[in-house]
Amino acid sequence: MRVRAAGLGGLLLSVLLVQALALPWPYNNVPSIDSLEGDMCNIYGEAALPFAANNFCNGTGFTTPGLLGYRCDVLALAEHTFQSFSKPNATCPAAKQTRAANVSLNGTAIPWPLSDQRPLPANLPASLLAAEGPSMYWHWKNLYNFELWAPCAATNASKTQTSGWVRMGNSSLEWLRPVGWRVLSTLWVKDGLAQAGVTWPFATVLLKGKQLVILIRGTETYADWLTDFTYNENKTGTLSLPGATHQGFTALANTLWSIGLRAALFTNVVEGSVTSVSVAGHSLGAGVSQLVAYAAQDYLRHRSRSANVKVDAYLFAPPNAGDATWAAGFNKLVNARRFPFIYDIIPQVPCTPTMAACKNTVVPNPNPNGTWPYTTVGGTLQLLPAGMPSQAAQWGMLSKMYPCQLERFVLATHICSYNCYFSQYVSDKNNTCLLWNTTTTSAGGVGTYCSQYPVTSGPQYPFTP
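According to mature numbering (1 follows the signal peptide of the UniProt record, and there is no 0), the residues represented by the sequence shown are -22 to -1, 1 to 443, in order.
So this is what it looks like as structure tokens:
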């Protein structure tokens, strides 16, 4: 029997009844994304949620102080939904990697340093996308390959840092490292919930000539997922950060700093010959990268031999990382580029100017004032459907969220959108730009399909408005 849901509150109440689980759901009984989607389809049908994808915070009411009832249930549902995407992979996805291009369309070697835009305004001119696009692509593609490879290297061995690149004993399982670059180190963190003692690669440090690059991956494990949702704000660790920052991101940034990033900067920049440093992260990694980039620039500017070295930050799908004081300090110090795809939910959270504190979710965030203050850092270059190199009209259809298509929506907006957008600045046809079937529709387009696209039966998704 289909339950008619009156708005989002009714939808979520019905989902909870169908699941017959009290919040918080136990870790050993988390519903799969397939069962969650199935329940939501039975409850809500094919109708879209009653707010646009780029209005997630206002649509859900997550900015409201002292949330009670269904809004905190929304957050709990969001936690479990994204948790289902971060379970350890049953198989190694290394085969999905494709080699990153190392030259621009005109044959210029990439990457190159970004132009200095400090102090950062809220939004940067869109012309920078074309001017700096090849470097943006290079950081994204190599970061994404690292993200695909990381589950393949998960190990029971206790590790924090290993020198050089990780040899897997099978070339098909190894990270497709950027051509001509030396891997200085790999930094590891533990997945403390799903598999006690299992350690995963989380960041890597690369060197070529006078360029140093730090790549920080996105959410892969239960421990990562807990970090995402630990959005209390406080000061932890030894990093000298302004304002109040996301507790989970701050703790992870402190860990990476202490197990290898500070030492890499000292050896290769302060005492070495490196003159260009960049930090790139996706999703969770972009939240952590904000803090790491600030710490790196602050560290280098206080040492005479590295005082003039600029740190560039590439933030792909970045969640918000701190309050207004934090954002002001970041904008003054760090030369960043912030890349949100307009319909991606992750860059919208934690919500601004305030994020509700919910006490009874899986990751409790109690606050007597009912909210935590958050402000988006500057340097935004928003990625729009009209700028996609293929199927721009179909990318625009993702403005609506359909519960029955939740997984496809997240894959397109949070991963494929970035791969597609930046591919246009180099010669890379492995671009995941295609959403609709090119042989049975008039959509056209050149490249490869986003994961789980196209729909093989029924109407094509994204649905025509």
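We treat Cβ as the ideally placed atom computed from N, Cα and C, and that holds for glycine.
Where Met114 is concerned, the enclosing alpha helix (DSSP H) starts and stops at 105 to 127.
The three-state secondary structure of Asn343, taken from DSSP, is coil. Going by DSSP, Ala314 is part of the beta strand (DSSP E) stretching over 313 to 317. Trp203 sits away from Ala128, with the two beta carbons spaced by 9 Å or more.
Note: His260 is bridge-paired with Phe294 in the DSSP secondary-structure output. Here Pro381 is buried. Its C-beta has 16 or more other C-beta atoms within 10 Å.
Residue range 160 to 169 is occupied by the beta strand (DSSP E) that includes Asp169. Leaving aside the five residues that flank Ser136 on each side, the residues in its chain whose CB is nearer than 7 Å to its CB run, in chain order, Thr177. Membership of Ser395 in the alpha helix (DSSP H) is indicated by the continuous run 395 to 401. With contacts defined by Cβ atoms closer than 9 Å, Leu185 and Thr205 do not form a contacting pair. Under the three-state reduction of DSSP, Thr391 is assigned to helix. Look at Tyr352 here: in three-state DSSP terms it is coil, with no helix or strand label.
The continuous beta strand (DSSP E) containing Gln189 extends over residues 189 to 194. Taking C-beta atoms as the reference points, Met375 and Ser395 fail to come closer than 9 Å. With a minimum length of 3 residues, the unbroken runs of beta strand (DSSP E) contained wholly in the segment 224 to 268 fall at 254 to 260. Taking Pro351 as reference, the option from Pro363, Gln372, Asn298, Ala390 with the minimal CA-CA separation is Asn298. As the crow flies, the alpha-carbon of Pro331 is around 18 Å from that of Asp322. Residue state for Glu385 is assigned as helix, using DSSP reduced to three classes. When C-alpha distances from Ser141 are compared across Ala390, Leu162, Val327, the shortest belongs to Leu162. Cβ-Cβ distances below 7 Å link Ala421 to Gln369, Gln372, Trp414 in the same chain, with the five nearest sequence neighbours on each side left out; the list follows chain order. Excluding residues up to 5 positions away in sequence, Tyr439 lie with their Cβ nearer than 6 Å to the Cβ of Gln383 in the same chain. For Gly221, same chain residues with a beta-carbon under 8 Å away, outside a window of 5 residues either side, are Gly300, Asp301, Ala302, Thr303, Trp304, Ala305, Ala306, Gly307 in chain order. Phe308 sits in a helix when the DSSP states are folded into three classes. For Phe180, there is no enclosing alpha helix (DSSP H); the residue is found in the beta strand (DSSP E) stretching over 176 to 186. The beta carbon of Leu389 lies closer than 7 Å to those of Cys428, Ser429, Gln430 in the same chain, with the five residues before and after it left out. Under the three-state reduction of DSSP output, Ser141 falls in the strand class. Excluding sequence positions up to five before and after Pro328, its CB lies within less than 6 Å of the CB of Tyr209, Asn298, Tyr352, all in the same chain and listed in chain order. Going by DSSP, Thr38 is part of the alpha helix (DSSP H) stretching over 34 to 38. Under the DSSP assignment, Thr205 falls outside any beta strand (DSSP E), being part of the alpha helix (DSSP H) whose first and last residues are 200 to 207. In the DSSP secondary-structure assignment, Lys288 is bridged to Ser254. In the structure shown, Met146 adopts coil according to DSSP, grouped into three states. In this structure, Ser267 keeps its C-beta atom at 9 Å or more from the C-beta atom of Ile324. The beta carbons of Pro97 and Ser113 sit about 21 Å from each other, so the pair does not count as a contact at 8 Å.
Nearest neighbour of Ala131 by Cα position, chosen from Leu92, Ser377, Cys70, Gly265, turns out to be Cys70.
For Ala370, the enclosing alpha helix (DSSP H) covers residues 370 to 374. DSSP, reduced to helix, strand and coil, places Ala31 within a helical segment of the structure shown.
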